[in-house]
Structure formats: structure tokens, C-alpha cells
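Since the structure comes first, as C-alpha cells, the remarks are kept for the end.
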Amino acid sequence: MNTVYNEMILLKCGEMVLKGLNRRVFEEQLLKNVRYRLARIGKFSVRAMQSTVYIRPEGESNTPEVVDVAVEAMQQVYGVVAVCRTAECEKDMAQILDLVPKYCADALESARTFKCEVRRSDKHFPLTSPEIAMEAGGAILDAFPHLSVSLDHPELVVYVEIRDRAAYIHAGKLPGAGGLPVGVGGKGLLLLSGGIDSPVAGHMMAKRGVELTAVHFESPPYTSMRARQKVLDLAAQMSRRCGRFKLYVVNTAKIMEEIRDNCPEDLFTLILRRFMMRISVAVAEKEACGAVITGESLGQVASQTMQALAVTNAVCDRLIFRPLIGMDKEEIIRVARETGTFEISTLPYEDCCTVFTPKHPKTKPRMQQLLDAEEALDVEALTAAALSAAEILQIRA
Ligand code: ATP
Ligand code: MG
690 MNTVYNEMIL LKCGEMVLKG LNRRVFEEQL LKNVRYRLAR IGKFSVRAMQ
740 STVYIRPEGE SNTPEVVDVA VEAMQQVYGV VAVCRTAECE KDMAQILDLV
790 PKYCADALES ARTFKCEVRR SDKHFPLTSP EIAMEAGGAI LDAFPHLSVS
840 LDHPELVVYV EIRDRAAYIH AGKLPGAGGL PVGVGGKGLL LLSGGIDSPV
890 AGHMMAKRGV ELTAVHFESP PYTSMRARQK VLDLAAQMSR RCGRFKLYVV
940 NTAKIMEEIR DNCPEDLFTL ILRRFMMRIS VAVAEKEACG AVITGESLGQ
990 VASQTMQALA VTNAVCDRLI FRPLIGMDKE EIIRVARETG TFEISTLPYE
1040 DCCTVFTPKH PKTKPRMQQL LDAEEALDVE ALTAAALSAA EILQIRA
């Protein structure tokens, strides 16, 4: 027997299921994000039914190699809890029994114990779940006599799912990125440096559905082209999970020189950070971002004490998300590794904050000290000039 089947990718959507009336909105956003990712890989048809997304590779895209790439891409989409690579066939027992050992052959070959799990959502199917499991298990044992059944601790679970339109066979799920589909949580402006923290902050908010725009501050000639390229590489890596986004690149060299020449050295970093925040607020306004996102973590450096955060906070009139505020570096690094930014972030190129770093930065600044120091600068003009010279780049994976 040579059963005809099609490979299909099934996506299980987790949290969305719980969202009641919003579910439609979430599902549509997820489908949009999935279609956008797949369009770059090949030709696929995509539909959603009962919190599962069905992806069918079409025509020339129906090859194991293209499906490999698509499966990997779907594991990066926020809102997807698990990804199943399956064989779809008719709901016919002879075909199912023929296909189970064939489609799962690689996995069965290398296992010693297994069991079959059956989901039967089509209640009209003539056999019950235990009956299907018995027969499928028998077909596997016939084809792979080295195996034995273990109901409690199987090395491998083979799944047979009898759904409305067809039967699906697979040898287990792969983990998805989880979270909510990017786009359902509003828009946020990420302050993206070349460090470890800010890409993690961006990923954490994108995972809660926030669509990102980003701003990066550079200061050539004090920072190099390689430092800029590092940020572009980080952004491209981020867009694998966060979707495409705009990156504003703002030159702060002039602002830094003005601060250096006119302000007390121990306040240098904080005055600069207040400029960054003012410019970010203006970009957020322009891009209709409801929140600003930073990678700050309490106590990590001198500019991230409670008092220091307060003086940067004071020039921002909108919501600030600091998703890393209570995290240890170890925890942050774990997420950076998982999302693939760690290797890029740890390249050695300097960012603009490390060039003019004061020897003894103030850790407990008082607001009045900053207001006094800034008297020496034309804050508004410097902010406006930096903003109007910003470059806007489109980032995609
Ligand atoms: P990161 O690892 O993200 O660079 P950090 O530990 O080096 O953070 P800071 O340099 O104090 O800490 O920056 C704190 C936050 O301010 C960053 O997480 C980022 O959101 C923002 N930020 C700092 N420098 C820049 C920059 N050059 N461009 C854009 N945002 C920046
Ligand atoms: Mg930094």
C-alpha cells in the first residue's frame, strides 16, 4: 500500500484561547504574522480552526527541506505555543495504519519504547480512541520489532489525531515561542543599544504582543561604524521574533560635546540619558507609540539606581516599560541566548555611553542638580537638531 499524504504544519495557540471576545482579533493578528513569515519561505495556505493554525505547503514548496525552514520559522512566532510537523491523510484506518510506521520511521528507529496517543475530535469515526491506539501500536510493532510499548515512561509518543477534515500523524510537538501575537498589545518604542539588556527588553515586550519601533543613539566619530553594524545585526536578529520594525538612528555626538564642555563630569551620563529620553519621547509621539521600553535593571550600573532612574523618568510623559527591572544578569543572559542576541551583544564594539563615562558618576543625584547643570545648555535646540537629522531604517529578518 502506498498511502498518499501531505505534510502539514499545525500550530497550537495557547493563551489566545482564553481571551473570550478578543479571540478573533488575536487570531487574525496571528494569521497575519504567520503569513508574513511564510511568504518569504515559499507558498503555503494558512487557515485557523479551533485554536489550531493549519499550514499546508503548496506546489514546489511541498518538500521536506522547505518544510524544515517553515517549521523553524514558526517556532519563532509569538502566540504559538507548540509546532507540530504532521502527515495528513484521509480518515481511513487502512491508510492511517500504513502511514504511522512510515511517517514516524526515523523517530521509531532510534527509540526503544513508545506509546500511541489518540485524539478523536470527530466523534463519528467508527473506532474509539483506545481501539485506534491498539491498532496503530500493532502496526508499529510489526514494522519495528525492536520496540516495546511503555505506557508510563515511553521514549517516544506517536500521535494520531482524528480531526474534522482529516487524520494527522506525528511524533511529538516542538516548543513554540509562546506569548501573544505581536500587534495585539499596542506599539512601543524600544531604546536599543548594542548591549545585552535592551534586545531582551524588546523581546519581552514583543512577547506580550507589543509591536516595536526602535531608536538607537550613536555618536560618530566617538563610536565606530562597526558599533552601528552591531546594532543593525541585533535588530535583524530581533525581527525574527518581533516582526519587521523601524529603527531610528540618532546622532548624539554634538550633544555629548556640549555636555562635556559645559556640565559637571559626574552628571555626564545622566544628562545624556535625559537627552536620550527626550528624543525618544518625540519619536514615540511621531510613531504613535504608547510606551517607551528600556533595558534598565535596578542597581546594575550607576545610572540605574532608583534616584538615577527617577531623573530620566522625569523627562518622559508616557508609560515606561522596564521589563528587566527586577531581573539578575544571569536571567537576562538566559533570554538573550534563547532569542539569539547574546552572541551579537557580546561582540566588543563600544557604544556611545562608554566613551565619555565619568570616573565617579553620581549614583544619588538630586533633580535640582540636573536642572542647574542643564541651564548651561540649549536643551530644546539640541534635542530638535538631533531628532531632525535622524536616519530611519527598515529592519527585517
Ligand atoms: P544594554 O545592555 O541594553 O546596553 P546597559 O546595561 O549597558 O544596557 P545602560 O547603558 O545604562 O545599560 O542603558 C540602559 C538602557 O538605556 C538600555 O538598556 C537601553 O534601553 C537604553 N540605552 C542606553 N544606551 C543606548 C543607546 N546608545 N541607544 C539607545 N538606547 C540606549
Ligand atoms: Mg548599554
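Each residue of the sequence shown is one higher than the one before, starting from 690 at the first, in this note's numbering. Just so it is clear, CB atoms sit at the ideal spot from N, CA and C, and this is done for glycine as well.
Proximal residues to residue i (C-beta, below 7 Å), its chain only, five neighbours per side dropped
i: A832; result: P790
i: R930; result: Q765, Y767, A866, H892, A895 and T1028
i: R745; result: N695, M697, F733 and S734
i: D1006; result: V970
i: I1022; result: I885 and F1031
i: A997; result: L959, A991, T1052 and P1054
i: N951; result: A1065 and L1066
i: R915; result: Y1038
i: L633; result: Any question about residue 633 goes unanswered here, given that the chain covers just 690 to 1086.
Where residue i sits in the DSSP three-state scheme
i: N691; result: coil
i: G877; result: strand
i: M1135; result: Nothing can be reported for residue 1135, as the shown portion of the chain is limited to 690 through 1086.
i: K730; result: It should be noted that the sequence gives Ile, not Lys, for residue 730. Reduced to three states, the DSSP call for I730 is coil.
i: I1014; result: coil
i: K1051; result: coil
i: K896; result: helix
i: V714; result: helix
i: Y1038; result: coil
i: E974; result: helix
i: Y937; result: strand
i: L921; result: helix
i: V889; result: helix
i: A980; result: strand
i: A1074; result: helix
i: A1079; result: coil
i: F906; result: strand
i: L987; result: coil
i: L1008; result: strand
i: L959; result: helix
i: E901; result: The sequence shown places Leu at residue 901, rather than the Glu named in the question. L901 falls in the strand class under three-state DSSP.
6 Å Cβ shell around residue i - same chain, five flanking residues per side excluded
i: G865; result: Q764, V769, V770, A771 and V772
i: T1035; result: none
i: E985; result: Q993 and R1011
i: K919; result: G883, L1036 and Y1038
Beta-carbon separation (whole angstroms), residue i vs residue j, contact threshold 8 Å
i: I844; j: A800; result: First, the residue type needs correcting, since residue 844 is Glu and not Ile in the sequence shown. 4 Å between Cβ atoms; contact.
i: K896; j: Y725; result: That belief does not hold up - the Cβ atoms of K896 and Y725 are roughly 17 Å apart, past 8 Å.
i: R963; j: T983; result: So it is not a contact: roughly 13 Å between Cβ atoms.
i: R774; j: V756; result: 7 Å
i: A1086; j: A925; result: 6 Å
Nonlocal neighbours in the same chain, by C-beta distance under 8 Å from residue i, ignoring five residues either side
i: V714; result: V873
i: L836; result: L797, A800, R801, T802, F803, I829 and L830
i: A1075; result: V939, N940, T941, K943, I944, F964 and I968
i: G748; result: K732
i: D811; result: K780, I851, R852 and D853
i: V846; result: F803, K804, C805, E806, A860 and G861
i: A825; result: I785, L786, V789, C805, V807, V847 and V849
i: V760; result: I698, V772, R774 and L863
Residue-level contact to chain B via CB, residue i, 8 Å cutoff
i: E717; result: Here chain B cannot be found, since the structure has a single protein chain.
Of all the beta strand (DSSP E) runs that stay within the bounds of the region 736 to 768, which reach a length of 3 or more residues?
741 to 746
Is it the case that the region 936 to 945 contacts the region 1069 to 1081, given that we only count it when at least three CB pairs across the two stretches are under 8 Å?
Contact holds: three or more Cβ-Cβ distances are below 8 Å.
Starting from the N-terminal side, write out each stretch of the alpha helix (DSSP H) that is 4 residues or longer and does not extend beyond the region 764 to 837.
Counting only unbroken stretches of 4 or more residues, the alpha helix (DSSP H) elements lying wholly within the region 764 to 837 are 782 to 792, 794 to 799 and 818 to 832, in sequence order.
Cβ pair count under 8 Å reaching 3, the region 903 to 912 against the region 1013 to 1020
no
With a threshold of 8 Å, are at least 3 pairs of Cβ atoms found where one atom belongs to the region 871 to 886 and the other to the region 972 to 981?
yes
Below 8 Å, how does it come out for the region 882 to 890 and the region 777 to 784: are there three or more Cβ pairs, yes or no?
no
If you scan the region 842 to 875 from start to end, which runs of the beta strand (DSSP E) of 3 or more residues do you find wholly inside it?
Runs found: 845 to 851, 856 to 859 and 862 to 864.
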